[in-house]
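So that you can map any letter, position 25 of the sequence shown is 26 in the working numbering, and since no number is skipped, the others follow by simple counting. Glycine residues also receive a C-beta, built at the ideal position from the N, C-alpha and C atoms. A short write-up of the structure that comes next.
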Amino acid sequence: MNFRNLVKKRAIVIFFILTYLITWGLGAPADLIPGWPKILGLFMVTGPAIGAVIVTAVVKGKVGVEHLLSSLTRWRVGLGWYGIVLLGPAITMVVSIGLYGLFVNDSVVLESVQLIPMMGTHLLTLIGIFVYQLLIVWGEEIGWRGYALPRLQNKIHPLLASLVLGVLWGFWHLPFFLIKDSVHQKMGLPFFILATIGYTVLYTWIYNGTKGSVFLICLLHAANNTTVSYTMLFFPPLIENPLFSLAVLAFFNGVVILFAGPKLLWQPMADVS
């Protein structure tokens, strides 16, 4: 068996190994080793993209890489999908804050509402965070959704594929837990893994519904990260006590599975191997 066939036979496993090695190899030392070039840490988020490109190049060559990257330009989808990916994270946050106020502390919610005018004055900051996130999340999504998700779905049930990818995506973030006062530290690993599983179900549904648009997934990922950043700033209790956000996420998961079906709009892809 030649090298290409060997990689092809274990392509998805090799992808995950490369992804973890690249990200952890660049990211973990940045937080543990004094003098480690911080610039290398900036490239840790590109681990999934690099892993996907390497495996695809070996198995399918230049044509395969071009096809993989073309999903980043697949923007011709229904306007409803744009509304979901751009507004969904904010709606989730607002509902979660409402539940927190209802069951825990309504005074904190009132204080947060009073900060809304301040949020308006930070509109440029909000846009800046979103653009910044959009510039970096492609490094994840080319790998997670562009490469891994369709291959997992071609082998196992879409819900099981989402569970597997959600867990692996969550543990991939371990180096971020070394960053003091990060969102990851404040949430804790168990809750974070539950969140990545929940988000992956939604991401799978959107990916399938848009016929494999990684561009839409990048918009969603950027919008979600931007919402988390603002939640950290204006409503930190929701990060430190994520049960309400997870409950809302679980509810939306249930709605999607109920109306889209347990296969999450999946259709077999003949050009995936």
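Asked, Found
"Going by DSSP, what residue range makes up the alpha helix (DSSP H) through residue 102?", "80-104"
"Helix, strand or coil: how does DSSP classify residue 158 here?", "coil"
"For residue 130, which residues of its own chain have a beta-carbon under 6 Å away from its beta-carbon, when the five flanking residues on both sides are left out?", "227, 230"
"Please report how far the alpha carbon of residue 171 lies from the alpha carbon of residue 145, in whole angstroms.", "11 Å"
"Alpha carbon to alpha carbon, how far is residue 187 from residue 174? Give it in angstroms, no decimals.", "14 Å"
"Could you tell me which uninterrupted alpha helix (DSSP H) segments, each at least 4 residues in length, are contained entirely in the segment 171-208, listed from first to last along the chain?", "184-188"
"In terms of residue numbering, what span does the alpha helix (DSSP H) encompassing residue 227 cover?", "215-235"
"Under 8 Å, do residue 211 and residue 162 count as touching if we go by C-beta distance?", "no"
"Could you give the distance in angstroms between the alpha-carbon of residue 209 and the alpha-carbon of residue 253?", "17 Å"
"Quick check on residue 80: buried or exposed, where buried means 16 or more other Cβ atoms within 10 Å of its Cβ?", "exposed"
"Can you find at least 3 beta carbon pairs, one from the segment 184-204 and one from the segment 54-69, that sit closer than 8 Å?", "no"
"Going by Cα to Cα distance, which pick from 94, 23, 200 is closest to residue 233?", "94"
"Going by the CB atoms, is the gap between residue 140 and residue 53 shorter than 8 Å?", "no"
"So, using beta-carbon positions, are residue 101 and residue 259 closer together than 8 Å?", "no"
"Going straight from the alpha carbon of residue 51 to that of residue 106, what length do you get?", "45 Å"
"Taking the CB atoms as reference points, tell me whether residue 215 and residue 5 lie closer together than 8 Å.", "no"
"Alpha carbon to alpha carbon, how far is residue 200 from residue 22? Give it in angstroms, no decimals.", "24 Å"
"Alpha carbon to alpha carbon, how far is residue 136 from residue 183? Give it in angstroms, no decimals.", "20 Å"
"Cα separation between residue 360 and residue 181?", "Not covered by the structure: residue 360. The range shown for the chain is 2 to 274."
"Going straight from the alpha carbon of residue 153 to that of residue 237, what length do you get?", "35 Å"
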